[in-house]
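Protein chains in written order, with the numbering used here: chain V, 409 to 736; chain H, 38 to 354. C-beta: ideal position from N, C-alpha, C; glycine also. None of the values given here were measured: they were computed from a predicted structure. Heads up, the thing below is written out as structure tokens.
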């Protein structure tokens with residue numbers, strides 16, 4: 409007879425990363441109380457929305473049975489192009505925003521077409537697209553960051569306005585609300601809509617989904633476009649927040665985002681996804697990244713922690729999979 | 038089938054490994070001053086390894102705690118680490134500048150709390166940091182371009198090939214800015230080449246390029262240490278004799294120093310990376326003791342064949 413705790417964990421995969429998050433939080437706090445200081449919490453939540461928004465797109469795409477290795481390049485490229493369009497006088501910043509978001513959608517569409525209609529694996533398509541996008545960003549910018557655009561505009565305020573609390577170091581960047589809103593939307597789509605069922609069916613068993621009349625190609629193309637748009641959107645938020653757009657921004661984010669998503673409980677093989685788990689995965693890896701700096705783990709040991717977290721959560725998921733009798 | 042105990046063991050393993058890794062840092066939490074050393078570079082880059090070694094040596098010599106991190110040119114995480122150091126109550130922060138202006142708020146926040154800040158390797162004086170240790174990459178770029186021009190190694194209409202490991206990285210941009218300020222008015226053409234960061238790839242890409250473009254290339258400026266270390270093998274693969282194509286660039290490795298000694302490279306710049314690790318910690322310790330540190334320390338020297346041997350020996354230490 410299976411233990412009730414195990415059954416509960418198997419049914420709610422988010423509990424694993426949540427437990428790990430709590431344990432690590434306590435460990436970091438016990439070693440350095442500054443870990444939970446107002447300044448450090450503010451510090452952590454500044455960057456979480458940006459990486460989190462990319463992870464939401466990746467969660468949907470992974471659930472649909474594909475992944476995208478070009479998100480990091482899009483994160484860097486989209487704001488660079490937006491600022492070039494503005495700085496070179498082609499158009500205003502608001503129009504440039506919509507143009508580059510449309511271009512990100514087009515890149516996602518291209519990925520989707522190549523994967524579904526030509527039949528190339530998403531690994532090869534998106535790694536190729538990563539090189540194309542990254543290279544284009546470097547070429548059009550000649551490697552230089554696009555000068556920060558400091559003027560206050562409604563767009564900048566809408567994406568990266570900082571809400572300060574007088575007399576305190578606590579502040580909230582409005583991107584946090586975008587992340588929360590998008591997470592709620594992604595949760596709703598994945599769990600409460602017919603399209604969410606199509607995503608899970610497409611990722612779980614594509615042939616069976618097709619037999620049930622689901623246009624799996626369209627589902628995947630929409631997911632690739634969504635992922636690309638979210639990556640570009642997150643890059644624009646980041647550029648507004650830090651004040652400049654860098655063509656090399658987002659390097660390596662694709663693997664970090666996939667790790668966050670999978671740690672949260674989304675299957676790498678499709679069919680099962682959890683938005684709440686992804687949020688916990690994002691919090692977990694960001695907590696690790698932040699905590700080891702606060703505590704003072706040697707810089708060269710930085711990645712060991714991330715690796716341990718990924719391996720341990722994979723171990724937990726594999727174990728729960730066996731216990732619940734499911735396949736991976 | 039796995040037991041519940043084994044399942045829980047996974048979590049205990051995580052906690053155990055966490056404790057194992059952070060224990061040295063926790064044990065170091067004594068009354069000694071604690072300085073943070075934050076690099077925007079890569080933990081795999083030889084120059085940063087040298088620099089970190091210097092910082093560690095300073096911590097040992099001065100009996101202070103050192104906490105270090107690398108951020109692979111990622112500005113967001115660099116900013117986060119800087120603020121984390123402030124939140125953790127650092128006694129001083131040594132940081133490289135990922136780019137101009139991006140650490141303004143962070144330095145201001147540190148100063149507000151009385152935390153001294155020393156920049157190293159890449160500077161941003163507009164932040165109001167207390168001191169800087171390292172080279173001025175724009176000036177270094179100018180010095181390479183001027184070396185080629187002043188020694189009649191390039192002239193109007195010539196083409197200079199400029200391989201680099203990470204196009205778009207701060208050092209490449211600043212060096213190129215300095216080079217362009219010399220070459221542009223003289224009508225000398227140049228092109229930054231993406232050699233890639235992986236040692237094997239960078240060597241292969243450079244061999245491929247030079248083999249097919251050697252007639253076009255009048256001079257080479259290596260914008261990074263890895264590409265400079267590839268010059269000898271690249272020349273051999275492309276059938277270029279030492280000295281046929283003049284080369285200048287960074288020279289912070291034993292490989293490049295040897296290339297200078299053997300005539301493959303005409304001049305190289307040594308930037309004393311270990312000092313870029315050591316001196317910021319020494320300055321922070323002085324500031325912690327109430328001594329003023331409002332001055333910069335330049336750690337650059339251009340060396341040629343005549344004095345390359347001493348740098349070769351230095352690089353091998």
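Exercise for the section: Along the alpha helix (DSSP H) that carries residue 454 of chain V, what are the first and last residues, could you check? Expected result: 446-471
Practice task
Compare the C-beta of residue 455 of chain V against all C-beta atoms of chain H and say whether one is closer than 8 Å.
Solution key: yes
Problem - Cβ pair residue 461 of chain V, residue 642 of chain V closer than 8 Å - result: yes
Exercise for the section: Using three-state DSSP, classify residue 193 of chain H as helix, strand or coil. Expected result: coil
Exercise for the section: Establish whether the CB of residue 136 of chain H and some CB of chain V are separated by less than 8 Å. Expected result: yes
Handout entry: the segment 79-96 of chain H / the segment 313-332 of chain H touching (three or more Cβ pairs under 8 Å)
Key = yes
Handout entry: Closer than 8 Å at the beta carbon, the chain H residues around residue 650 of chain V
Key = 112, 113, 116 and 139
Handout entry: Neighbour list for residue 124 of chain H in chain V, Cβ cutoff strictly below 7 Å
Key = 442, 445, 447, 448, 451 and 702
Handout entry: Sufficient close CB pairs (3 or more, under 8 Å) joining the segment 341-349 of chain H to the segment 289-296 of chain H
Key = yes
Practice task
Mind checking who residue 102 of chain H pairs with in its DSSP beta bridge?
Solution key: H/71
Exercise for the section: Would you kindly check if the distance between the Cβ of residue 639 of chain V and the Cβ of residue 482 of chain V is under 8 Å? Expected result: yes
Problem - Per-residue DSSP class, three states only, for residue 701 of chain V - result: helix
Problem - Beta-carbon spacing of residue 74 of chain H, residue 268 of chain H below 8 Å - result: no
Practice task
Answer yes or no: do residue 453 of chain V and residue 690 of chain V have a C-beta to C-beta separation smaller than 8 Å?
Solution key: no
Handout entry: Straight-line Cα distance separating residue 259 of chain H from residue 613 of chain V
Key = 52 Å
Exercise for the section: Spell out whether any CB of chain V is found under 8 Å from the CB atom of residue 217 of chain H. Expected result: no
Exercise for the section: Spatial neighbours of residue 39 of chain H within its chain, please: CB distance less than 8 Å, with the 5 preceding and 5 following residues excluded, ordered by chain position. Expected result: Because the pLDDT at residue 39 of chain H is just 47, under 50, the model does not fix this residue reliably, and the point stays unresolved.
Practice task
Evaluate residue 493 of chain V with the Cβ neighbour count: other Cβ atoms within 10 Å of its Cβ, from every protein chain shown; 16 or more gives buried, anything less gives exposed.
Solution key: buried
Exercise for the section: Using the Cα positions of residue 603 of chain V and residue 542 of chain V, report the straight-line distance between them to the nearest angstrom. Expected result: 32 Å
Handout entry: CB of residue 180 of chain H within 8 Å of CB of residue 698 of chain V, strictly
Key = no
Practice task
Using three-state DSSP, classify residue 633 of chain V as helix, strand or coil.
Solution key: helix
Handout entry: Any C-beta of chain V under 8 Å from that of residue 64 of chain H
Key = Low local confidence applies: a pLDDT of 48 at residue 64 of chain H is under 50, so the model's placement there is unreliable, with the coordinate-based value given in what follows. So, not an interface residue.
Exercise for the section: Confirm, please, whether the CB-CB distance from residue 201 of chain H to residue 264 of chain H is below 8 Å. Expected result: yes
Exercise for the section: Run down chain H in chain order and give the residues with a C-beta less than 8 Å from the C-beta of residue 697 of chain V. Expected result: 114 and 117
Problem - Euclidean distance between Cα positions of residue 635 of chain V and residue 233 of chain H - result: 27 Å
Practice task
Starting from residue 90 of chain H, find everything on chain V with Cβ-Cβ shorter than 8 Å and list it in chain order.
Solution key: Within chain V, no residue comes near residue 90 of chain H; the closest Cβ sits about 11 Å away, beyond 8 Å.
Exercise for the section: Starting from residue 547 of chain V, follow the alpha helix (DSSP H) in both directions and report where the run begins and ends. Expected result: 530-549
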